[in-house]
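Colleague:
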Amino acid sequence: MVEPLLSMTAIGKKFGTVTALQGAEFQLKKGEVHAILGVNGAGKSTLIKILSGVYQQDEGSIYLDGAAIRLDSPKAAKQQGIYCVYQEVDTAIVSELTVAENILLDTFAEKGNLFVSRQRINEQARSVLHELQADNINVQQKAARLTLAEKQMVLIARALVHSAKIIIFDEPTAPLSIHESEKLYTVIAKLKAQGVGCVFISHRLPEVFEISDRITVMREGTLVQTYDTAQADQDGVIEAMLGAALSHELEPRAHDIGAALLEVSNLSDGQKLKDLSLTVAAGEVVGIVGLVGAGKTELAKALFGGTPLTSGTIKLDGKNAKIKHPADAIKAGMALIPEERRKEGLFVQESLEANASFPNLKQFSKRLLMDRKAEKRYANEIIERLRIKTGSTETPLVHLSGGNQQKVAIGKWISLNSALYLFDEPTKGVDIGAKVDIFKLIRQLAESGKGCLYFSSEIHEAIGISDRILVMYNGQIVKELSRQEATQERILLYASGGKEELGEKQEFGERKRDSVSI
Amino acid sequence: MGKNKNSVKENAIQFLFKYGAIALLIFIIFYFSTISDAFFTYGNFSDILRSISIVTLLALGVTFTLVVDGFDLSVGSTMSLSTVVSASLMVWYDMPLWLVLILPLLIGVFVGAVNSFLIVVIGIPDLLATLSMMYIVAGLHRTYTEGYSIYNNMPLTSGGTAPGQLSEAFLWIGQGQMLGLPVPVWIMLVMVLASYVVLNHTRWGRVLYMTGGNAEAATLSGVSVKKVKFTAYVISGIFASMAGILFTARVGSGQIDAGAPLMMEAVAAVFVGYSVLGAGKPNALGTFFGAAVIGILLNGLTILNLPYYAFDIIKGGVLVAALAVTYVYAKKKFSKA
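So the protein sequences, as listed, match chains U and H.
Residue numbers for the first sequence follow our numbering, so the first one is 422 and each next one is one higher.
Residue numbers for the second sequence follow our numbering, so the first one is -16 and each next one is one higher.
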């Protein structure tokens, strides 16, 4: 057997009393793409951070090319040829510097040479980008003007300049469009051909199956199994991630849809949104699907009173609703689960209890004084109902995983018994276990006669959950599709303006409807 | 290996953060008690409490603004203005006691309202807006008094003497005794308790803290962040005015610039309070405790005959230490998220 390029053995890491990793194992061969899968909280990020020198392991050892190494800092990791392309590319890019300077940043950070030849670095940068087939990026422009995908290329180029042995991709495709992702896959294939070991982390199973050679599944801070991708099947991998078989089918709707609950006509905000009209009936889940930048979040905020409208009317239950502030929307019976849950939905430094009771403090207080017992009771209720994993109701939310935070962001509205729920990308950055719970909850809400608006750019998820789909493009609703009519191809066609030719690349579109999507 | 060293360091920080302020207080009390017999006596402690009562009121106001993630630097000036206004109302205009108490409070409300107008409506950052107000209000109070302190039957620049005097009832607020403690101490204790209950046990307090924690999330949960901030600055103004009234009653005259030196002391008290029992955020009991630490320290140093002008060094040192502990702890806490 060939000696692996990298081998991490019996890795253990604790944060305070929380065990993040215990006996974790990971091996990477030269020139392979090795995916790490696991639900949120499985320990993927911690393992990656140890590998890139951000954290140090408490136990276990790391071998590179057969020799034990210590990675005390990100710098040490880089010196060993281990580079990481983080999901949040902006934190690693200096937006005021040019592309070329960004690519060669570590070189001038290290070497003592005070003067930098602009021409030479431009030349070097160009040749690296050429290798990545990204010649279209002008190396002399400021990095601030790049798109997300281009910034990723810059980071990859930065790794290549140093002849990286290992490049870690931490959810690189999450913010990318399908085309940009495709491009990234070719780059990864190229890196692989050059003998670079690629670690690939993603929540999107299909792409993992498409590009990886091996898949390592982690659960609860330890290795479950490593598969050869060619021999693995999705169901088996999902089972390994969840630790239990998962029922795949979402039941089709069995309950009746009631009268119109929300009627929006000719809504505009003077900026993104143009003349939108839509209705949601009681007991109905309406999916609003569009690509990133189509105006979904703007619509959700506008309906909820977060941004002012220039024209249009919003009727709830047949009555004209004047919504000038989220407080009005809440009073009128609406609830918003915003896209940026940490920034807009939650108070992450506060306890689960305090978060859960906040939108409805009156119910949790006697006259003016807070009723701590009632808060705790309610917190326990939503923990149970939404299957939130947490140590106690007093744990600050920062210590919870993304999926569990999202459940709190949803759970906090339940005490208000709102009639209409707006879910803005509720599954973003959430593992499948939590996704399934969230889908179930949305279904339950619909069954109990609530109206739900489901804003998403994950087309297959929207198809799975919605009774009806409205496709948004450039601030307008361009198409309405029933559950029966909706297919990935059609939605994508309208969502991209109905102009783009659909190529043969739509293998994602083959996914079965109604299956739980990842 | 590195692990043990790290966790020892982490635990030490955790411990310092939680109990550091209390340990410091106990140490100070113990130390001064061994040095002077006069220190650990009922009389001296009631003196200390009286001496911190004014600064505690100021600090409570600052606490409210910090809770909503703001900052009020104008409290010192507001207190100065309220000091001279309350004195002048009696000395110059011979007004009844209730007006003498109400009018300065209204001035506090007004300053708070202007502060929040600048911050919430115009959008000037809190620190800069209240810094500007600090200048304006300080200028106002000097203009109003033409630079003179106000005392009973003072000669007026317009000729003659002022008609009024500070009334006995008014002076009782600052100098009287009730149930074995000075009246200012009672006022302080009641206000500390009231602030504590409001901030920690009521709906309003929850809204204030959440607004400070994440204004955007608070808005999307239905909170009118503007109103909440407005309220916090008005409360701060009211506390500053109360401090001013108390100062006049205590000293028996309307000194100019009474509040200026107390502003930083109040800020220091609030930040020392951050770390009391690991709250990690501004809180009423912590603020009181912070004021007490500083008060006891200064009292002890007075007994030790430390030169008066060196006191600021001590106050600054306490502030730096409190901030250091708070921020080192915050860094640890956030790096784990």
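Glycine residues also receive a C-beta, built at the ideal position from the N, C-alpha and C atoms.
Counting only beta-carbon atoms, is F779 (chain U) nearer than 8 Å to chain H?
Modeller: Here the question's residue 779 (chain U) lines up with position 358 in the first sequence. Output row for F779 (chain U): interface = yes.
Colleague: Ignore the nearest five residues each way along the sequence and tell me which others in A666 (chain U)'s own chain have a CB closer than 8 Å to its CB.
Modeller: Taking the first residue of the first sequence as 1, we reach residue 666 (chain U) at position 245. Interpretation of A666 (chain U) is limited by its pLDDT of 42, a score under 50 that renders its predicted location unreliable; no figure is taken from the coordinates.
Colleague: I want to know whether the stretch 451 to 468 of chain U touches the stretch 499 to 518 of chain U - three or more CB-CB distances under 8 Å.
Modeller: Contact between the stretch 451 to 468 of chain U and the stretch 499 to 518 of chain U is absent, because fewer than three Cβ pairs lie under 8 Å.
Colleague: May I have the straight-line CA-CA distance separating S34 (chain H) from T816 (chain U), to the nearest angstrom?
Modeller: Indexing the second sequence from 1 puts residue 34 (chain H) at position 51. Indexing the first sequence from 1 puts residue 816 (chain U) at position 395. Approximately 39 Å, taken between the alpha carbons.
Colleague: DSSP three-state call for H455 (chain U): helix, strand or coil?
Modeller: Your numbering for residue 455 (chain U) matches position 34 in the first sequence. Three-state DSSP puts H455 (chain U) in a strand.
Colleague: Keeping to the same chain, check which residues put their C-beta closer than 8 Å to that of K319 (chain H); ignore five residues upstream and five downstream.
Modeller: Translated into positions along the second sequence, residue 319 (chain H) becomes position 336. Because K319 (chain H) sits at a pLDDT of 43, beneath the cut-off of 50, its placement in the model cannot be relied upon, and the following sentence gives the value as read from the coordinates. Excluding residues within five positions, none has a Cβ falling inside 8 Å.
Colleague: Does chain U have any CB closer than 8 Å to the CB of H184 (chain H)?
Modeller: Taking the first residue of the second sequence as position 1, residue 184 (chain H) is located at position 201. Judged by the 8 Å Cβ criterion, H184 (chain H) is in contact with chain U.
Colleague: Using a threshold of 8 Å, state whether the C-beta atoms of Q561 (chain U) and A521 (chain U) are closer than that.
Modeller: Here residue 561 (chain U) refers to the residue found at position 140 when the first sequence is read from its first residue. Here residue 521 (chain U) refers to the residue found at position 100 when the first sequence is read from its first residue. In this structure, A521 (chain U) lies closer than 8 Å to Q561 (chain U) by Cβ.
Colleague: List in chain order: all unbroken alpha helix (DSSP H) runs of 4+ residues lying wholly within the stretch 757 to 844 of chain U.
Modeller: With a minimum length of 4 residues, the continuous alpha helix (DSSP H) runs that stay inside the stretch 757 to 844 of chain U are 773 to 778, 793 to 806 and 823 to 832.
Colleague: Identify which residue in U:E552, U:E760 and U:C873 has its Cα closest to the Cα of G824 (chain U).
Modeller: Here the question's residue 824 (chain U) lines up with position 403 in the first sequence. The candidate whose alpha carbon is nearest that of G824 (chain U) is U:E760.
Colleague: Can you list, in chain order, the residues of the stretch 225 to 249 of chain H whose Cβ is nearer than 8 Å to any Cβ on chain U?
Modeller: Flagged: no residues at all.
Colleague: Do the stretch 718 to 738 of chain U and the stretch 770 to 785 of chain U meet, that is, are 3 or more Cβ pairs less than 8 Å apart?
Modeller: Short answer: they don't touch.
Colleague: Could you name the residues of the stretch 190 to 207 of chain H whose beta carbon sits closer than 9 Å to any beta carbon of chain U, in the order they occur along the chain?
Modeller: Cβ contacts with chain U come from V190, Y192, M193, G196, N197, E199, A200, A201, T202, L203, S204, G205, V206 and S207.
Colleague: Can you give me the C-alpha to C-alpha distance between V899 (chain U) and V892 (chain U), rounded to a whole angstrom?
Modeller: On the first sequence, position 478 is the one that residue 899 (chain U) refers to. On the first sequence, position 471 is the one that residue 892 (chain U) refers to. Going by the C-alpha atoms only, they are around 6 Å apart.
Colleague: Rounded to whole angstroms, what is the Cα-Cα separation between T940 (chain U) and Q501 (chain U)?
Modeller: Absent from the model: residue 940 (chain U). The displayed extent of chain U is 422 to 939, so no value can be given.
Colleague: What residue range does the alpha helix (DSSP H) around S150 (chain H) cover?
Modeller: The residue given as residue 150 (chain H) occupies position 167 in the second sequence. Neither: S150 (chain H) is in no alpha helix (DSSP H) and is coded neither H nor E.
Colleague: Compare the C-beta of K319 (chain H) with all C-beta atoms of chain U and state if any pair is closer than 8 Å.
Modeller: Along the second sequence, read from residue 1 onward, the residue named residue 319 (chain H) stands at position 336. Interpretation of K319 (chain H) is limited by its pLDDT of 43, a score under 50 that renders its predicted location unreliable; no figure is taken from the coordinates.
Colleague: Measuring CA to CA, which of H:V259, H:D77, H:P244 and H:L7 is closest to A226 (chain H)?
Modeller: Within the second sequence, residue 226 (chain H) is the residue found at index 243, counting from 1. It is H:P244.
Colleague: Just verifying my parser: in three-state terms, what is the DSSP assignment at Y76 (chain H)?
Modeller: The sequence position of residue 76 (chain H) within the second sequence is 93, counting from 1. Coil.
Colleague: Would you kindly work out how many angstroms separate the C-alpha atoms of G850 (chain U) and I622 (chain U), rounded to a whole number?
Modeller: Position 429 of the first sequence, counting from 1, holds the residue named residue 850 (chain U). Position 201 of the first sequence, counting from 1, holds the residue named residue 622 (chain U). Rounded to whole angstroms, G850 (chain U) to I622 (chain U) spans 12 Å at the Cα level.
Colleague: Leaving aside the five residues before and after I133 (chain H) along the sequence, list all residues of the same chain whose C-beta is less than 7 Å from its C-beta, in chain order.
Modeller: Here residue 133 (chain H) corresponds to residue number 150 of the second sequence, with the count starting at 1. The residues are V67, A70, S71, V74, S236 and G237.
Colleague: For R640 (chain U), which of U:R911, U:Q448 and U:K465 has the nearest alpha-carbon?
Modeller: Start at 1 with the first residue of the first sequence, and residue 640 (chain U) comes out as number 219. Closest by alpha carbon: U:K465.
Colleague: Against chain H, does I735 (chain U) count as a neighbour if the rule is that its beta carbon must be under 8 Å from one of theirs?
Modeller: Within the first sequence, residue 735 (chain U) is the residue found at index 314, counting from 1. It does not: the Cβ of I735 (chain U) has no partner Cβ on chain H nearer than 8 Å.
Colleague: Pick helix, strand or coil for V617 (chain U), following the three-state DSSP scheme.
Modeller: Locating residue 617 (chain U) in the first sequence gives position 196, counting from the first residue. V617 (chain U): coil per DSSP, three-state reduction.
Colleague: How long is the line joining the alpha carbons of L468 (chain U) and D479 (chain U), rounded to whole angstroms?
Modeller: As a first step, residue 468 (chain U) is located in the first sequence; it is residue number 47 there, counting from the start. As a first step, residue 479 (chain U) is located in the first sequence; it is residue number 58 there, counting from the start. C-alpha separation (whole angstroms): 12 Å.
Colleague: Does the separation of the CB atoms of A223 (chain H) and S65 (chain H) fall below 8 Å?
Modeller: Mapped onto the second sequence, residue 223 (chain H) falls at position 240. Mapped onto the second sequence, residue 65 (chain H) falls at position 82. Yes, the pair counts as a contact, with Cβ atoms nearer than the cut-off.
Colleague: According to DSSP, is A666 (chain U) part of a helix, a strand, or is it coil?
Modeller: The residue you call residue 666 (chain U) lines up with position 245 of the first sequence. Annotation note: pLDDT 42 at A666 (chain U) (below 50); position unreliable, coordinate value reported separately. A666 (chain U) falls in the coil class under three-state DSSP.
Colleague: Name the chain U residues whose beta carbon is nearer than 9 Å to that of W75 (chain H)?
Modeller: Along the second sequence, one-based indexing puts residue 75 (chain H) at 92. The contacting residues do not exist; W75 (chain H) stays about 41 Å from chain U at best.
Colleague: Please tell me whether A830 (chain U) and R762 (chain U) are closer than 8 Å, where the distance is taken between their beta carbons.
Modeller: Here residue 830 (chain U) refers to the residue found at position 409 of the first sequence. Here residue 762 (chain U) refers to the residue found at position 341 of the first sequence. Taking 8 Å as the Cβ cut-off, A830 (chain U) and R762 (chain U) qualify as a contacting pair.
Colleague: For G642 (chain U), tell me which candidate among U:A431, U:I880, U:Q909 and U:R904 has the shortest Cα-Cα distance.
Modeller: Here residue 642 (chain U) refers to the residue found at position 221 when the first sequence is read from its first residue. Per the Cα distances, U:A431.
Colleague: On a Cα-Cα basis, can you pick out the residue from U:E571, U:E882 and U:W834 that is closest to T848 (chain U)?
Modeller: Walking along the first sequence from the start, residue 848 (chain U) turns up at place 427. Cα-wise, what sits closest to T848 (chain U) is U:E882.
Colleague: Do the CB positions of L843 (chain U) and I758 (chain U) come within less than 8 Å of each other?
Modeller: Translated into the one-based positions of the first sequence, residue 843 (chain U) becomes position 422. Translated into the one-based positions of the first sequence, residue 758 (chain U) becomes position 337. Contact: yes.
Colleague: Under 6 Å Cβ to Cβ from L697 (chain U), same chain only, skipping five residues before and after it: list those, please.
Modeller: Within the first sequence, residue 697 (chain U) is the residue found at index 276, counting from 1. The answer, listed in chain order, is L688 and I898.
Colleague: Counting only beta-carbon atoms, is K871 (chain U) nearer than 8 Å to chain H?
Modeller: Residue 871 (chain U) sits at position 450 when you count from the first residue of the first sequence. No, its Cβ sits nowhere closer than 8 Å to a Cβ of chain H.
Colleague: Spatial neighbours of L260 (chain H) within its chain, please: CB distance less than 7 Å, with the 5 preceding and 5 following residues excluded, ordered by chain position.
Modeller: What you label residue 260 (chain H) is simply residue 277 of the second sequence in a count that begins at 1. Counting only Cβ-Cβ distances below 7 Å, and skipping sequence neighbours, we find K1.
Colleague: Between the stretch 749 to 767 of chain U and chain H, which residues of the former have a C-beta closer than 7 Å to a C-beta of the latter?
Modeller: The residues in question are I751, L757, P759, K764, E765, G766 and L767.
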